[in-house]
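Reviewing the structure listed below.
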Amino acid sequence: MKKVALLLVIIGALNWLLIGVFGWDIVAAIFGGDPTPATSMFSRIIYSIVGLAGIYSIRFLFDDRVTADNDHH
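Start counting the sequence shown at 606; every next residue gets the next number (this note's numbering).
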(Lines of atoms letter the chains of each structure in order from A and count residues from 1; the text may use other names and numbers.)
(Lines give C-alpha, C1' and ligand atoms only; values in the text may rest on other atoms or scores of the structure.)
Protein backbone atom coordinates (compact mmCIF):
# COMPACT_ATOMS: atom_id res chain seq x y z
CA MET A 1 0.00 0.00 0.00
CA LYS A 2 2.91 2.37 0.73
CA LYS A 3 4.26 1.97 -2.79
CA VAL A 4 0.84 2.62 -4.35
CA ALA A 5 0.49 5.80 -2.30
CA LEU A 6 4.02 6.86 -3.24
CA LEU A 7 3.30 6.17 -6.91
CA LEU A 8 0.19 8.38 -6.78
CA VAL A 9 2.17 11.16 -5.11
CA ILE A 10 4.83 10.91 -7.83
CA ILE A 11 2.21 11.01 -10.60
CA GLY A 12 0.67 14.09 -8.99
CA ALA A 13 4.06 15.76 -8.69
CA LEU A 14 4.88 15.03 -12.32
CA ASN A 15 1.56 16.61 -13.31
CA TRP A 16 2.55 19.72 -11.33
CA LEU A 17 5.87 19.71 -13.19
CA LEU A 18 4.02 19.69 -16.52
CA ILE A 19 1.92 22.62 -15.34
CA GLY A 20 4.97 24.49 -14.09
CA VAL A 21 7.19 23.96 -17.11
CA PHE A 22 4.72 23.71 -20.00
CA GLY A 23 1.53 25.20 -18.53
CA TRP A 24 -0.31 21.96 -19.35
CA ASP A 25 -2.39 19.85 -16.93
CA ILE A 26 -2.46 16.24 -18.14
CA VAL A 27 -5.07 15.20 -15.54
CA ALA A 28 -7.47 17.88 -16.77
CA ALA A 29 -6.72 16.90 -20.37
CA ILE A 30 -7.57 13.25 -19.64
CA PHE A 31 -10.52 13.65 -17.28
CA GLY A 32 -11.99 16.97 -18.40
CA GLY A 33 -11.32 20.53 -17.46
CA ASP A 34 -9.03 23.26 -18.69
CA PRO A 35 -5.70 21.62 -19.58
CA THR A 36 -3.97 25.01 -19.89
CA PRO A 37 -4.82 26.95 -16.71
CA ALA A 38 -3.59 30.51 -16.40
CA THR A 39 -1.10 30.69 -13.53
CA SER A 40 1.39 33.23 -12.28
CA MET A 41 5.12 32.79 -12.82
CA PHE A 42 5.60 32.31 -9.07
CA SER A 43 3.02 29.51 -9.06
CA ARG A 44 4.72 27.83 -12.00
CA ILE A 45 8.05 27.93 -10.16
CA ILE A 46 6.48 26.27 -7.10
CA TYR A 47 4.77 23.66 -9.30
CA SER A 48 8.10 22.93 -10.98
CA ILE A 49 9.85 22.47 -7.63
CA VAL A 50 7.14 20.04 -6.50
CA GLY A 51 7.53 18.18 -9.80
CA LEU A 52 11.29 17.91 -9.39
CA ALA A 53 10.71 16.49 -5.91
CA GLY A 54 8.45 13.90 -7.55
CA ILE A 55 11.19 12.92 -9.96
CA TYR A 56 13.60 12.59 -7.04
CA SER A 57 11.05 10.43 -5.18
CA ILE A 58 10.89 7.83 -7.95
CA ARG A 59 13.99 6.24 -6.44
CA PHE A 60 12.04 5.43 -3.25
CA LEU A 61 9.79 3.08 -5.21
CA PHE A 62 12.77 0.79 -5.62
CA ASP A 63 14.28 1.27 -2.16
CA ASP A 64 13.54 -1.87 -0.15
CA ARG A 65 16.20 -1.34 2.49
CA VAL A 66 15.31 -1.84 6.13
CA THR A 67 14.71 1.44 7.94
CA ALA A 68 14.85 2.30 11.64
CA ASP A 69 11.07 1.72 11.81
CA ASN A 70 11.57 -1.90 10.77
CA ASP A 71 14.33 -2.74 13.24
CA HIS A 72 13.84 -5.84 15.34
CA HIS A 73 13.15 -4.95 18.97
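Yeah, the Cβ is synthetic: ideal placement off N, Cα and C, and Gly gets one too.
This one's a predicted model, so the numbers in the text were calculated from it and none came from an experiment.
Item	Value
Would you check if the distance between the CB atom of SER662 and the CB atom of ALA610 is smaller than 8 Å?	no
So, helix, strand or coil for PHE621, using DSSP?	Looking at the sequence itself, residue 621 is Trp, so the reference to Phe does not match. DSSP places TRP621 in helix when its eight states are reduced to three.
Once DSSP output is grouped into helix, strand and coil, what is the label at GLY656?	helix
Shortest alpha-carbon distance to ILE635 belongs to which of PHE647, VAL626, ASN620 and ALA643?	ASN620
Pick from GLY659, GLY625 and ASP630: whose alpha carbon is nearest that of SER645?	GLY625
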